[in-house]
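Those protein sequences? They're chains U and S, same order as listed.
Using our numbering, the letters of the first sequence map in sequence onto residues 1 to 114.
Using our numbering, the letters of the second sequence map in sequence onto residues 1001 to 1115.
Note that CB positions come from ideal geometry on N, CA and C, so glycine has one too.
Please read the structure below before turning to the comments.
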Amino acid sequence: QKEVEQNSGPLSVPEGAIASLNCTYSDRVSQSFFWYRQYSGKSPELIMSIYSNGDKEDGRFTAQLNKASQYVSLLIRDSQPSDSATYLCAVNKGYGGATNKLIFGTGTLLAVQP
Amino acid sequence: DAGVIQSPRHEVTEMGQEVTLRCKPISGHDYLFWYRQTMMRGLELLIYFNNNVPIDDSGMPEDRFSAKMPNASFSTLKIQPSEPRDSAVYFCASRSFRQGKDGYTFGSGTRLTVV
């Protein structure tokens, strides 16, 4: 079992729709969760972090965390063609920043159709 | 803030040659990470340093790979001898735990091709 799992996609949504990206993780003691966006040929850039169960909103992005189910998701409202990229889920294993070992999923490719 | 700086951006080398990748972290960041990204395996953590000391090198694939951090502003990842299966994009990232920053800041990466 992979430590962080994502559906590779591609996930295709029409412009203006809600894109829903999902991620599961295997280590129950994981405490910090991140979503990165990576455009083709570029480096990953942080878009959201979440530490507590529930929802965290930032503009058009909402991260959702359910530690009991070991599940993290990212919702993108009003999707734009510029959102087309690979979205990487990352988990910091261990408590807080103690281990600092950030493990990535293989990413989900999102394609927003104009 | 110049961000994390990596060099070279692209490297093409022949099998068996030594390759050295370089990284300058963000000033004040006390953690530095080396990742490798391929289509098949995604982003893999190779090694990370805290205050210039290697903390976890369990991701280093084999003895051909070595990494050093002689000071707070410079790190190298060396592959000797290189093999075609080492072809990948190598990213360096840094983080400041003391400043409570979320996540990590990545450099632009080095695309390595071994022929």
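Apart from sequence neighbours up to five positions away, the residues of its chain that approach U/Glu15 with a beta-carbon distance below 8 Å are Ser79, Gln80, Pro81, Val112, Gln113, Pro114, ordered along the chain.
Shortest Cα-Cα distance from U/Gln38 to any of U/Arg77, U/Gly9, U/Ala85 involves U/Ala85. Contact between U/Ser12 and U/Ser73 does not hold, since the beta-carbon distance rounds to 18 Å and is not under 8 Å. Within the same chain, Glu1011, Thr1013, Lys1078, Ile1079, Gln1080, Ser1082, Asp1086, Leu1112, Val1114 come within 8 Å of S/Val1019 by CB-CB distance, once the 5 residues on both sides are set aside.
Chain order gives the chain S residues near U/Pro44 as Phe1106, where near means a beta carbon separation below 7 Å. For U/Arg60, the three-state secondary structure derived from DSSP is coil. By the rule that beta-carbons nearer than 7 Å mark a contact, S/Gly1042 touches chain U. Judged by beta-carbon spacing, U/Thr106 lies beyond the 7 Å limit of S/Gly1059, meaning their Cβ atoms are not closer than that value. When the alpha-carbon of U/Gly59 is set against those of U/Arg77, U/Ile50, U/Leu46, the nearest one is in U/Arg77. Secondary structure remark: continuous beta strand (DSSP E) runs of at least 3 residues inside the stretch 14-64 of chain U, in chain order: 19-25, 32-38, 45-50, 54-58.
Membership of S/Asn1050 in the beta strand (DSSP E) is indicated by the continuous run 1042-1050. With a 10 Å radius around the Cβ and a threshold of 16 neighbouring Cβ atoms, U/Ser40 comes out exposed. Contact between U/Pro44 and U/Leu88 holds: their C-beta atoms lie close to 6 Å from each other, under 8 Å. Beyond the five residues adjoining it in sequence on each side, S/Ser1108 comes within less than 7 Å, by CB distance, of Gln1006, Arg1009 in the same chain, given in chain order. Counting other Cβ atoms within 10 Å of its Cβ, S/Met1015 stays below 16 and is therefore classed as exposed. The beta carbons of U/Ser26 and U/Asn92 sit about 14 Å from each other, so the pair does not count as a contact at 8 Å. Interface annotation for the stretch 100-111 of chain U against chain S: Asn100, Lys101, Leu102, Ile103, Phe104, Gly105, Thr106, Gly107, criterion Cβ-Cβ distance under 8 Å. Excluding residues up to 5 positions away in sequence, Leu1077, Tyr1090, Thr1110 lie with their Cβ nearer than 6 Å to the Cβ of S/Leu1021 in the same chain. Look at S/Arg1064 here: in three-state DSSP terms it is coil, with no helix or strand label. Between S/Leu1032 and U/Pro10, the alpha-carbon positions lie close to 32 Å from each other. Interface criterion not met: the Cβ of S/Gly1028 is under 7 Å from no Cβ in chain U.
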